[in-house]
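A.B. asks:
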Amino acid sequence: MDVKTQQYKKLTETPIPRLVIQLGIPTTISMLVTSVYNMADTFFVGTYGTSASGAIGVVFGLMAIIQAFGFMFGQGAGVISSRALGAKDIKTASQYSSTGFFLALLCGIVMTVFGLIFLEPLMYLLGSTPTILPHAKSYALFILLAAPFMCSSCVLNNVLRFEGKAAFSMVGLSSGGLLNIFLDWVLMCKFHLGAAGAGIATAISQAASFCILLSVFIRKKTSGRLSVFNISYKWSTIWRICTTGFPALVRQGTTSLATMLLNFCAHAYGDAAVSAMSIVNRICFFTFATALGIGQGFQPVCSFNYGAKKYGRVIKAFLFTFAVGEILLGSAAIIGFQFSSSLIALFRNDPEVIKIGTLALSAQFVGQLFQPAAVCSNMMFQGVGKAGIATFLSMLRNGLFFIPILLILYFTHGLLGVQISQAISDILTTAVAVPFSIVFIKKLSQLQKTEDSMPK
11 MDVKTQQYKK
21 LTETPIPRLV
31 IQLGIPTTIS
41 MLVTSVYNMA
51 DTFFVGTYGT
61 SASGAIGVVF
71 GLMAIIQAFG
81 FMFGQGAGVI
91 SSRALGAKDI
101 KTASQYSSTG
111 FFLALLCGIV
121 MTVFGLIFLE
131 PLMYLLGSTP
141 TILPHAKSYA
151 LFILLAAPFM
161 CSSCVLNNVL
171 RFEGKAAFSM
181 VGLSSGGLLN
191 IFLDWVLMCK
201 FHLGAAGAGI
211 ATAISQAASF
221 CILLSVFIRK
231 KTSGRLSVFN
241 ISYKWSTIWR
251 ICTTGFPALV
261 RQGTTSLATM
271 LLNFCAHAYG
281 DAAVSAMSIV
291 NRICFFTFAT
301 ALGIGQGFQP
311 VCSFNYGAKK
321 YGRVIKAFLF
331 TFAVGEILLG
341 SAAIIGFQFS
351 SSLIALFRND
361 PEVIKIGTLA
371 LSAQFVGQLF
381 QPAAVCSNMM
391 FQGVGKAGIA
401 TFLSMLRNGL
411 FFIPILLILY
421 FTHGLLGVQI
431 SQAISDILTT
441 AVAVPFSIVF
451 IKKLSQLQKT
461 EDSMPK
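Pasting the structure below:
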């Protein structure tokens, strides 16, 4: 049995719990390592003062923009190639993977050029204050230089993940993450480079991850092939990648917009508020990464089996992923709720930062209890190519709900509104997402009955 046939049998015949866990654990490890090195940036930069700590929150918005386009091309190419592989169409899978990769590389170069030209106004746009600005510019300079690596690595990572080769993705992302943590320590503790040191460490680690991920394709360890000769210049191909991946762009793009508005609202209460909300977001992403990693293990199972017309496996994978996500996030939320103030103090031992951050972190832990259902719903619709519904659901958490809630509560309740707006948005997002999933699961069940009734 050849490798491609083995991979097909693995994704369509392995028991769902074992398959989702097998694919989810490497992705979870990757997500956790990525989150840890983000928190390492926050920790080390925080030793240079509250203003320096606030720069992390400002530049996080920039990184979200870069990753938004990377995820659009990556998940667009990954979803389509995975469904093609499920239908045993290797040529189409290679074409979409290659086109998505080179589109992301070009997009990253464009962002580097324009970002460097408009660096200072960009930092103010992302919510910087005059005192945070020097630190934010130093950090963002190197993030922009690494944009081509960051953007195209998202494609490599997603294509590997959607092929069911999450272990290769884990090695690439985790190696870069561990290198980032080491370089943070060296450049900031030994060479005292401040925020610039964090930026250099991130840029080098992103380049290292890119090289490791690309080597998997060069060594032909994948079912699809990455090559300039496989690029499609048809607008229909590019359009399909963009529309399929658009929910990821919306999800990441609204994250960036939400971060920018959050910084602006917190800005009215000083650098301590900006720093506190930045720390809260990093901590919450760490706890959320466990559930998100398992969810990303579900996505290739969903896409591949949908392409193979094994709809019952899609339903089982959705329900299993939701249950595991709820257990993991629920446990993390309960534990984190008890130690909110200690967690904030770990990153910035400033009484004002701790006071503001503790309430915000406690509220967000409550909101996290509602996230698994919404995340699984979004991933399922994107995985099966329902781009319209997936895009709508992607817009809810950090866009259609969060932005108006943040602005309304900011003007009516001041700082308290800034602290609790995300939790309220999480609850409302889940309330909207669940009915969509219920209706679609019923439809999948009917499709499976039709498949079972057809002569073999």
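The sequence shown maps to residues 11 to 466 in my numbering.
C-beta: ideal position from N, C-alpha, C; glycine also.
The structure presented is a predicted model; accordingly, all values stated were derived computationally and were not measured.
(1) Give a yes or no on whether the C-beta atoms belonging to V55 and A205 are separated by under 8 Å.
(2) Short of 7 Å in beta carbon distance, which residues of its chain neighbour T368, apart from the five on each side in sequence? Order them along the chain.
(3) Is the beta carbon of P257 closer than 8 Å to that of S447?
(4) Closer than 8 Å is the cut-off here; do at least three beta carbon pairs connect the region 76–91 with the region 280–292?
(5) What span of residues does the alpha helix (DSSP H) with W195 cover, start to end?
(6) Rounded to whole angstroms, what is the Cα-Cα separation between Q85 and M389?
(7) Would the region 221–241 count as touching the region 152–172 if we require 3 or more Cβ pairs under 8 Å?
(8) I want to know whether the region 332–345 touches the region 48–64 - three or more CB-CB distances under 8 Å.
(9) Looking at F375 and T440, is the spacing between their C-beta atoms short of 8 Å?
(10) Taking the straight line between their C-alpha atoms, what separation do you get for L147 and L129?
(11) Is the separation between the beta-carbon of F308 and that of A286 shorter than 8 Å?
(12) Assuming C161 contacts G125 (C-beta within less than 8 Å), just tell me the rounded distance between them.
(13) Classify M198 as buried or exposed, calling it buried when 16 or more other Cβ atoms lie within 10 Å of its own Cβ.
(14) With distances taken from CA atoms, which of L426, W249, F295, T22 is nearest A97?
(15) Under 8 Å by Cβ, that's how I've got Q77 and Q262 pegged, so tell me the actual separation to the nearest angstrom.
(16) Kindly indicate which three-state DSSP category F128 falls into: helix, strand or coil?
(17) Threshold first: 4 residues or longer. Then list the alpha helix (DSSP H) segments lying entirely within the region 377–449, N to C.
(18) Note the first and the last residue of the continuous alpha helix (DSSP H) segment covering V311.
(19) Using alpha carbons as the reference points, say which of G71, I399, F330, G398 lies closest to A301.
(20) Sort S219, F314, G71 by Cα distance to T44 and report the nearest one.
(21) State the start and end residues of the unbroken alpha helix (DSSP H) segment that holds N273.
(22) According to DSSP, simplified to helix, strand and coil, what is E461?
(23) Cutting at 6 Å between CB atoms, please list the residues of its own chain near R292, excluding the five before and the five after it.
(24) Skipping 5 residues on each side, what residues in its chain have a beta carbon closer than 6 Å to that of G34?
(25) State the DSSP-derived secondary structure class of H145, mapped to helix, strand or coil.
(26) Over what stretch of residues does the alpha helix (DSSP H) that includes E173 continue unbroken?
(27) Using the C-alpha atoms, what's the distance from L419 back to A103?
(28) Taking 7 Å as the limit between beta carbons, can you name the residues of its chain near S435, skipping five residues before and five after?
(29) Output the boundary residues of the alpha helix (DSSP H) element that contains R28.
C.D. replies: In brief:
(1) A contact, by the Cβ cut-off of 8 Å.
(2) If we look at T368 and ignore the five residues flanking it on each side, its Cβ neighbours are S350, S351, I354.
(3) Contact: no.
(4) No: fewer than three Cβ pairs fall under 8 Å.
(5) Following the DSSP letters along the chain, one finds W195 in no alpha helix (DSSP H), marked with neither H nor E.
(6) Approximately 10 Å, taken between the alpha carbons.
(7) Inter-segment contact for the region 221–241 and the region 152–172 is present: three or more beta-carbon pairs are separated by less than 8 Å.
(8) Verdict: no, contact absent.
(9) Against a cut-off of 8 Å, the Cβ pair of F375 and T440 comes out as no contact.
(10) A small fix is needed here, since residue 147 is Lys in this sequence, not Leu. Cα to Cα, the separation comes out at about 7 Å.
(11) 8 Å or more divides the Cβ of F308 from the Cβ of A286.
(12) For a cut-off of 8 Å, the C-beta gap from C161 to G125 is around 12 Å, too long to register as a contact.
(13) Under a 10 Å Cβ-count criterion, M198 is classified as buried, with 16 or more other Cβ atoms of the shown protein chains found around its own Cβ.
(14) Closest by alpha carbon: T22.
(15) With a Cβ gap of about 5 Å, Q77 and Q262 count as contacting.
(16) Looking at F128 - three-state DSSP - the assignment turns out to be coil, as it is neither helix nor strand.
(17) The region 377–449 contains these whole alpha helix (DSSP H) runs: 381–393, 397–405, 412–423.
(18) First-last of the alpha helix (DSSP H) with V311: 281–317.
(19) Among G71, I399, F330, G398, the Cα nearest to that of A301 belongs to F330.
(20) Just measuring C-alpha positions, the residue of S219, F314, G71 sitting nearest T44 is S219.
(21) Note, N273: alpha helix (DSSP H), 245–277.
(22) E461 falls in the helix class under three-state DSSP.
(23) The residues are N48, M49, T52.
(24) So the qualifying residues of the chain are G303, I304, G307.
(25) Of the three classes helix, strand and coil, the one that applies to H145 here is helix, per DSSP.
(26) Careful: E173 lies outside any alpha helix (DSSP H) and carries neither H nor E.
(27) The alpha-carbon atoms of A103 and L419 are separated by roughly 47 Å.
(28) Same-chain partners within the cutoff: R407, F411, F412, I415.
(29) It spans 26–56 - the alpha helix (DSSP H) in which R28 sits, taken as one unbroken run.
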